[in-house]
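Read through the structure below, which is laid out as structure tokens, and then see the notes.
2 protein chains.
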Amino acid sequence: MDVDQYMAELGVAAREASRQVAASSTAVRNRALLAARDALDGAREQLAQANARDLERGRAKGLDAPLLDRLELTPAGIDTMLEGLRQVAALPDPVGSITDLNTMPSGIQVGRMRVPLGVIGIIYESRPNVTVEAASLCLKSGNATILRGGSEALASNTAIAACIVQGLESAGLPQAAVQVVATSDRAAVGRLITMPEYVDIIVPRGGKGLIERISRDARVPVIKHLDGVCHVYIDEGADGDMAQAIAINAKTQRYGTCNTMETLLVAETEAASMLPRLAGAYTAAGVEMRGCERTREILPQINAATEQDWHEEYLAPILAIRVVDGLEQAMAHINTYSSQHTDTIVTRDHARAMRFLREVDSGSVMVNASTRFADGFEFGLGAEIGISTDKLHARGPVGLEGLTSQKYVVLGEGQVRT
Amino acid sequence: MDVDQYMAELGVAAREASRQVAASSTAVRNRALLAARDALDGAREQLAQANARDLERGRAKGLDAPLLDRLELTPAGIDTMLEGLRQVAALPDPVGSITDLNTMPSGIQVGRMRVPLGVIGIIYESRPNVTVEAASLCLKSGNATILRGGSEALASNTAIAACIVQGLESAGLPQAAVQVVATSDRAAVGRLITMPEYVDIIVPRGGKGLIERISRDARVPVIKHLDGVCHVYIDEGADGDMAQAIAINAKTQRYGTCNTMETLLVAETEAASMLPRLAGAYTAAGVEMRGCERTREILPQINAATEQDWHEEYLAPILAIRVVDGLEQAMAHINTYSSQHTDTIVTRDHARAMRFLREVDSGSVMVNASTRFADGFEFGLGAEIGISTDKLHARGPVGLEGLTSQKYVVLGEGQVRT
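Those sequence lines, one after another, are chains A and B. Sequential numbering of the first sequence, starting at 2, is according to the working numbering. Sequential numbering of the second sequence, starting at 2, is according to the working numbering.
Below, the structure is given as structure tokens:
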């Protein structure tokens, strides 16, 4: 198979389909989503068989247990996919809204219309449920999708895509609105991210290595989510109970998520009172603490944090702790070491809260709330295709709106420029 | 001089300055703009001398007349720069506004705050006035700037930058908020566009060749403006006088601008009545017409358009004309050949107007108005750093808002995730 040729064919078909999807009504796209749901529901047997083939091949290749776990499509996992499709169909359609329509001195009315991006390339690892999730969000927002999942999940993804295509067809939408790359050749990824003539944006979902590689080589814009080095700063005079609740929740509610706190900053005025009680709670939860010198004066039993610790996304029960002079030093630390994902201040002081909100340069900046809230669902987006640590286009959790852009529309009555 | 080292130093200083500018108040930034205006006004003599040196070197190097013309800084040109600074100071500050602040089921309030992008790299050719224009828009929107103008204008740009720095200092802002690259070594551009650690976005201003080169090599996002292949489509049943006014204005009001119409599409029902009267007006204006076969059945005196003509941005008194079956074929033509800049329909039909608005995938899509309106000032943005033919981040004319992005802000009262 000539991969370049094959990918270009997918690209041409996707571009063509994207125009039809963009021009389709909300009702038609919702019908396709619900029909895909029914098709998946009716194909449970085939999905199970395809998934069993992937799992068998995976075991033969010696994939490790967590990978096999992510690859597995259980009946409950299928239920979740079906429910996801229903939910996406129920979301409001972002496409077509016109905002800020104002009359200019020339008499023309100028506004902005929200429109699909066009063709979205999704590159992900071996979780087959991403196929449904990504395809449904792209379709809902009026885009065509080219999906490239992990080669381990190819049979499962192909079976899922067949159901989605059934849904598209039954609603009168083109099959090529959702295409799965049907080769496990790695060159396909290289081509997908370098054909801006056919692909408008790439959304990679997976580990940092994958995303760095794609961002480096892409000639198409990438909505990227690198690491989540998130901070909680306990400000001078903060409510101790609130600070403890947030600092414990942000670290221990889940260890492996990108919005988990990795470094705790404590104002020196609060260190003597906060650190011992927090240390008790962290120790009880099995969290290893690594502290700066001032932290270790209060908690001599913990290990010293190295420079590397401030950069680290542990994704594990480990926490770096630093005592800072106050807000200035906390913000300087965050703006130096944060991955610009999510950072929180716990404070009673309005002016310092506002400064933190303004001056911390991260996708989600919070006052008196756990970093764990940085999430498309918790933010009311209804869905999430990913979290962006970029500054352009979309910052923070990316929902349907992040898969669209705005163009200018002008309504005239024959005006010409003088 | 070690260019890599030098550019990295500019980058570090710009990044540091960007935080101070972002944290500064609107009043301080406006004060800097007005002080820069006064400094320029007081430095007319030095500006004239610096510009004379550039012009002399340019003449010695054999630059052509249009280039020397763009390079020249006349007293009237300086007046325009001063007035520009005053206008930018008077614009509303986009930074800091919080929108869509809603309460979520968890009790947290989630909104979006508009924030500067950070450090903006501007790459332009030999027009010194761009130095003031770009620096003032970036500063107003809370960003730091690194400016790389054409080497022909280095003395003029350095003299202008010195005045801007005076303005910054008198307002208490860091000098490095506006830096001019002080070397004409071409390697400086290569470095500027490949240091994402220091530069958040590149705005190239210049010819298509420059922009293509930069977009190809950049590792930093680029707000790019490639060509303007703009269309006017005269729909079935359009008002003939309105169609004529718009088709003539869009082509002849100015030939060299990116929002000038390059291809006219005429519904076949209107061809017999519209083409002869338009041909008369175009001929009177000295516009050369190139037509498709059906056009030439009505206007046998004009030359045939080739495939290449549909792709062409003439920037000259030349116009390609095609007769189409109707709306479908017009939109298919536009979505094939348009550079996604600006396209207009002239119509009486509401449903077709709405379809055109929705389905034409360009930065500015118009009904019954001249393409020449696609401009930051005409759109009410108050200023324009450029026009984007991209889909991400900013489409169409880019004003202050295009130099900012939105981050999420969360206001809680101690909420944690359960």
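Where a beta carbon is used, it is the ideal one built from N, C-alpha and C, also for glycine. On a predicted model such as this, the values are computed, not experimentally measured, just so you know.
Item, Value
"Same chain, Cβ closer than 8 angstroms to A162/A, five either side skipped, listed in chain order", "T132, A136, L148, V179, Q180, V181"
"Proximity of V116/B and K408/B at Cβ, strictly below 8 angstroms", "yes"
"Listed by chain order, chain A residues near K392/B by CB distance under 7 angstroms", "L118, G119, D201, S406"
"C-beta contact flag for I319/A and R291/A at 8 angstroms", "yes"
"Chain-order list of residues whose beta-carbon lies under 6 angstroms from that of A188/B (same chain, five-residue window excluded)", "V4"
"At least three beta-carbon pairs within less than 8 angstroms, the segment 330-340 of chain A to the segment 264-281 of chain A", "yes"
"Contacting residues, own chain, Cβ-Cβ under 6 angstroms from I335/A (five flanking each side not counted)", "H232, D344, V361"
"Under 8 angstroms between C-beta atoms of G448/A and A33/A", "What is shown of chain A runs 2 to 419, which leaves residue 448/A out entirely."
"Runs of alpha helix (DSSP H) wholly within the segment 122-161 of chain B (minimum 4 residues, chain order)", "130-141"
"Outcome for T81/A when other beta-carbon atoms lying within 10 angstroms are tallied against a minimum of 16", "exposed"
"Chain A contacts made by the segment 364-375 of chain B, where a contact means CB separation under 8 angstroms", "G364, S365, V366, M367, V368, N369, A370, S371, R373, F374, A375"
"A9/B: contacting residues in chain A (beta-carbon distance under 9 angstroms)", "What A9/B touches in chain A: nothing, since even the nearest Cβ is about 17 angstroms away."
"L328/B - DSSP class collapsed to helix/strand/coil", "helix"
"Residue(s) in a DSSP beta bridge with A268/B", "V325/B"
"Bounding residues of the beta strand (DSSP E) (the contiguous stretch that carries N260/B)", "Taken as a continuous stretch (DSSP letters only), N260/B belongs to no beta strand (DSSP E), as it is neither H nor E."
"8 angstroms Cβ cutoff met for N31/A and A77/A", "no"
"Span of the alpha helix (DSSP H), counted from its first residue to its last, around E46/A", "45-62"
"Cβ contact (3+ pairs, closer than 8 angstroms) linking the segment 52-64 of chain B and the segment 94-108 of chain B", "no"
"Close Cβ partners of Q176/A (< 7 angstroms) along its chain, the five nearest in sequence each way excluded", "V166, L169, E170"
"Inter-residue spacing [alpha-carbon to alpha-carbon] between Y234/B and R255/B", "19 angstroms"
"Status (buried if at least 16 other CB within 10 Å, exposed otherwise) for Q6/A", "exposed"
"For A9/B and V204/B, the rounded distance between their alpha carbons", "19 angstroms"
"Min CB distance G327/A to chain B below 8 angstroms", "no"
"Min CB distance P222/A to chain B below 8 angstroms", "yes"
"Amino acids of chain A, ordered along the chain, whose beta-carbon sits closer than 7 angstroms to that of N103/B", "G381"
"When Y125/A, L140/A, G173/A are compared against G150/A, the one with the closest alpha-carbon", "Y125/A"
"8 angstroms Cβ cutoff met for F380/A and R418/B", "no"
"Cβ shell of G112/B (< 6 angstroms), same chain only, five flanking positions each side left out", "I99, D101, L102, V410"
"Proximity below 8 angstroms, CB of V347/B to CB of D201/B", "no"
"Chain A contact for I346/B (CB, 8 angstroms cutoff)", "no"
"Within 8 angstroms of chain B by C-beta, residues of the segment 261-289 of chain A in sequence order", "none"
"Through-space distance from A370/B to A354/B, alpha-carbon basis", "12 angstroms"
"CB contact check: R20/B to chain A, cutoff 8 angstroms", "yes"
"Residues of its chain near V288/A, where Cβ-Cβ distance is below 8 angstroms and the 5 sequence neighbours each way are ignored", "K252, T253, P318, I319, L320"
"Short CB-CB distance (under 8 angstroms) between V410/B and chain A", "yes"
"H351/B: first and last residue of the uninterrupted alpha helix (DSSP H) it sits in", "351-360"
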